[in-house]
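Engineer: First the structure, then my questions, so here it is.
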Amino acid sequence: MPAVSGQYDVFAQCLASKKLIMYGAVWCSHCQSEKARFGESFKYVPYVECPKNPSLCLEKGMAGYPTWMDAKGMKYEGEQGLKKLSEISGCALPAN
């Protein structure tokens, strides 16, 4: 089910405030799925396009996409989904 416009703005902004960053690639179908869960709110999610920033992604040790990294450097590889991102970050998901 696609996200309603702006539905996850506060959640995405909370992820940003917790310095949870998604590393991915535009051609990655799993990255596209992860982005789609946020709908328009994805614009607030810190995101690194690895093909455009290869040295940064190599420096951070990205082995696959998507990979989320928290402020402590802990990596979460693969699609996490909104519920898991909420658990990782402590950011509350909006009530449906």
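Add 108 to the 1-based position in the sequence shown for this note's numbering, that's all there is to it. Backbone N, C-alpha and C fix where the C-beta goes; we use that ideal spot for every residue, glycine too. Here the structure is a predicted model, which means the values were calculated and not measured.
Since Val-118 is in the alpha helix (DSSP H), which residue starts that stretch and which ends it?
Structural biologist: For Val-118, the enclosing alpha helix (DSSP H) stretches over residues 117-125.
Engineer: Looking only at its chain, what residues have a beta carbon closer than 6 Å to the beta carbon of Pro-159, apart from the 5 residues adjacent to it on each side?
Structural biologist: Ala-133.
Engineer: Count the CB pairs spanning the region 116-127 and the region 136-144 that are closer than 8 Å, and state whether there are at least three.
Structural biologist: no
Engineer: Just verifying my parser: in three-state terms, what is the DSSP assignment at Gly-147?
Structural biologist: helix
Engineer: Can you say whether Ala-171 is buried or exposed, counting buried as having 16 or more other CB atoms within 10 angstroms of its CB?
Structural biologist: Exposed, since its Cβ has fewer than 16 Cβ neighbours within 10 Å.
Engineer: Within 10 angstroms of its Cβ, does Leu-164 collect 16 or more other Cβ (buried), or is it exposed?
Structural biologist: Flag for Leu-164 reads exposed.
Engineer: Suppose you measure from the CA of Leu-123 to the CA of Pro-162; what does that come to, to the nearest Å?
Structural biologist: Near 23 Å, if we compare the C-alpha coordinates of Pro-162 and Leu-123.
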